[in-house]
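Comments concern the structure below.
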Amino acid sequence: MENLKIEDRQGVKKVLAVILLSIFVLSIIPFAEATPPEKVAVIVGFKREPNPQLIRSYGGEVNYVYRYILAIAASLPPSAIDALKKNPNVAYVEPDYEAHIIPLAKPAPPTQPLETTPWGVEKTGAPNVWSEYTGAGVKVAVLDTGIDVKHPDLKVAGGATFVTGSKSYNDDNGHGTHVAGIIAALDNEIGVVGVAPGASLYAVKVLNKQGSGFISWIIAGIEWSIDNGMQIISMSFGSTADSTALHEELRVAYGKGIVLVAAAGNNGPGENTITYPAKYPEVIAVGATDENDVAAEWSSRGSELELTAPGVNIYSTYKGGSYRALSGTSMACPHVTGIVALMLSKNPELQPDEVRGILQETAKDLGSPGCDSTYGYGRVDASTAVTETPTPST
Ligand SMILES: [Ca+2]
Ligand SMILES: [Ca+2]
937 MENLKIEDRQ
947 GVKKVLAVIL
957 LSIFVLSIIP
967 FAEATPPEKV
977 AVIVGFKREP
987 NPQLIRSYGG
997 EVNYVYRYIL
1007 AIAASLPPSA
1017 IDALKKNPNV
1027 AYVEPDYEAH
1037 IIPLAKPAPP
1047 TQPLETTPWG
1057 VEKTGAPNVW
1067 SEYTGAGVKV
1077 AVLDTGIDVK
1087 HPDLKVAGGA
1097 TFVTGSKSYN
1107 DDNGHGTHVA
1117 GIIAALDNEI
1127 GVVGVAPGAS
1137 LYAVKVLNKQ
1147 GSGFISWIIA
1157 GIEWSIDNGM
1167 QIISMSFGST
1177 ADSTALHEEL
1187 RVAYGKGIVL
1197 VAAAGNNGPG
1207 ENTITYPAKY
1217 PEVIAVGATD
1227 ENDVAAEWSS
1237 RGSELELTAP
1247 GVNIYSTYKG
1257 GSYRALSGTS
1267 MACPHVTGIV
1277 ALMLSKNPEL
1287 QPDEVRGILQ
1297 ETAKDLGSPG
1307 CDSTYGYGRV
1317 DASTAVTETP
1327 TPST
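Residue 937 is where the sequence shown starts when you use our numbering, and the numbers rise one by one after that.
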């Protein structure tokens, strides 16, 4: 076997040597014989049927005889050009111009559509409180694939990346930008508007271009969120694996007063299908409902489910300054995140358990009466949650 390989390699070497030699020989010959007059590349237009023989009669070489125009691409001795131009059958002789690729310095940004309020934002009643509370001053960490930092309908206050090999928290997937838009797309003239358009978005990149991330990256992202004074951590991802390290990190964050919100998972309709980190008791597990307040079949079910929120056919911002409609508990989670931002802009002293209590009490009960494994305490209601949020004690 080994000998065969060596022989093969030697054979390859011989072949390569022959090819290299041929190239050398082929390329060197024209230079060695570069005595005949240099020919000029032209395109000769004809009034009627193109005539290759005419080109050759002037000492020219025919390169292409075209099929859809009356023309021949040729190389001509310079002296032949004037003579050909005078030939009654020739319409024109022009230089064979060079064309180059024309790269744009920047691709033109997509045209921005006029602003619409997505159905999910409308459903929660969030617009009812915007005259007083928009989430202004509340720091929200979006643990995701990053956020499109140049999106005209988003304002990214800061961030960090923990994805190995990535250099910035800009979004190279689109998912994180979609989530960010549901939370806080700007209330301007374009695109969409988020639940809390005044909230400060922080792009904490813990998922790669394919939308996956190691628990080690996610934990690093939570550490960054604690260090940088984040008040809410939004987690639109899940795993069936229970990580002791991740749970411990989340307990620390919760103890520091950070509200933790996560997607319940898209593993329904079976019972006990909530994924981690939503399944941890410190985290608000959010399931998905549609426009008619019916739980999506794929929305994960289980006793840990705390709330439901719009998650079917949700229109939001997307990478590259664009917009897209997506479905998933990934889309439901940021609706709750946005409502928490509205509540904290009314009262920043509110502790996570107080926030949860108000959300549970004010949710619209759906399905079987009371808290159930399909809807949790019900579909969130921003309007009543903010109304029920007490003003700060001081
Ligand atoms: Ca907008
Ligand atoms: Ca219920």
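Glycine included, every Cβ here is placed at the ideal spot set by N, Cα and C. This structure is a prediction, so every number in the text was calculated from the model and none was measured.
- Not one heavy atom of ligand 1 sits closer than 6 angstroms to the Cβ of L1262.
- The three-state reading of DSSP puts V1272 in helix, counting H, G and I together.
- Short note on A1120: C-beta not closer than 6 angstroms to any heavy atom of ligand 1.
- Secondary-structure assignment with DSSP links G1312 through a beta bridge to D1308.
- For the alpha helix (DSSP H) assignment, the uninterrupted runs of no fewer than 4 residues enclosed by the stretch 1179–1246 are, from N- to C-terminal side, 1180–1191.
- Residues of the same chain with a CB within less than 6 angstroms of the CB of W1055, apart from the 5 flanking positions on each side, are E1227 in chain order.
- Separation of V976 and D1032 (C-alpha to C-alpha, rounded to the nearest whole angstrom) is 9 angstroms.
- For V1092, the three-state secondary structure derived from DSSP is strand.
- The beta-carbon separation of S1161 and A1062, rounded to 24 angstroms, does not stay under the 8 angstroms limit for a contact.
- For G1223, the closest alpha carbon among the candidates A1177, K1192, S1309 is that of S1309.
- Nearest C-alpha to I1119 among N1106, V1026, Y1138, I1005: Y1138.
- When C-alpha distances from G1238 are compared across V1115, Y1311, G1191, the shortest belongs to Y1311.
- In chain order, the residues that have a beta carbon nearer than 5 angstroms to some heavy atom of ligand 2 are D1301, G1303, D1308, Y1311.
- Contact between S1236 and G1247 is absent: CB atoms are separated by about 11 angstroms, not below the 8 angstroms threshold.
- Taking one beta carbon from each stretch, the stretch 1208–1217 and the stretch 1174–1182 have 3 or more pairs nearer than 8 angstroms; the two touch.
- In this structure, the alpha-carbon of G1193 lies about 18 angstroms from that of A1156.
- Under DSSP, T1097 forms a beta bridge with K1141.
- At the C-beta level, A1199 and S1170 stay beyond 7 angstroms of one another.
- With respect to K983, A1027 sits close: the two C-beta atoms are nearer than 7 angstroms.
- About 19 angstroms separates the CB atoms of P1328 and E1297; that is not less than 8 angstroms, and the two are not in contact.
- Counting C-beta pairs closer than 8 angstroms gives fewer than three between the stretch 1127–1143 and the stretch 1180–1197, which falls short of the contact rule.
- Per DSSP, V980 is not a residue of any alpha helix (DSSP H); the beta strand (DSSP E) it occupies stretches across 976–982.
- In the three-state scheme derived from DSSP, where H, G and I count as helix and E and B as strand, V1029 is classed as strand.
- Under a 10 Å Cβ-count criterion, K1103 is classified as exposed, with fewer than 16 other Cβ atoms of the shown protein chains found around its own Cβ.
- Taking a C-beta distance under 7 angstroms as the contact criterion, D1080 and V1057 do not qualify as a contact pair.
- For S1161, the enclosing alpha helix (DSSP H) covers residues 1151–1163.
- Taken from the Cβ of I1083, every heavy atom of ligand 1 lies 6 angstroms or farther away.
- Note on geometry: alpha-carbon atoms of A1181 and F1098 lie some 16 angstroms from one another.
- When secondary structure is reduced to three states using DSSP, T1052 falls in the coil class, being assigned neither helix nor strand.
- For T1176, no alpha helix (DSSP H) run applies, since DSSP gives it neither H nor E.
- Short note on G1127: C-beta closer than 6 angstroms to some heavy atom of ligand 1.
- By the CB criterion at 7 angstroms, E1242 and A1221 fall inside the cutoff.
- Closer than 6 angstroms to some heavy atom of ligand 1: that does not describe the Cβ of E1285.
- Here DSSP, grouped into helix, strand and coil, assigns E997 to strand.
- For the set M1279, T1052, A1019, Q1287, the Cα lying nearest the Cα of D1317 is the one of M1279.
- One Cα belongs to E1125, the other to I1005, and the distance between them is close to 51 angstroms.
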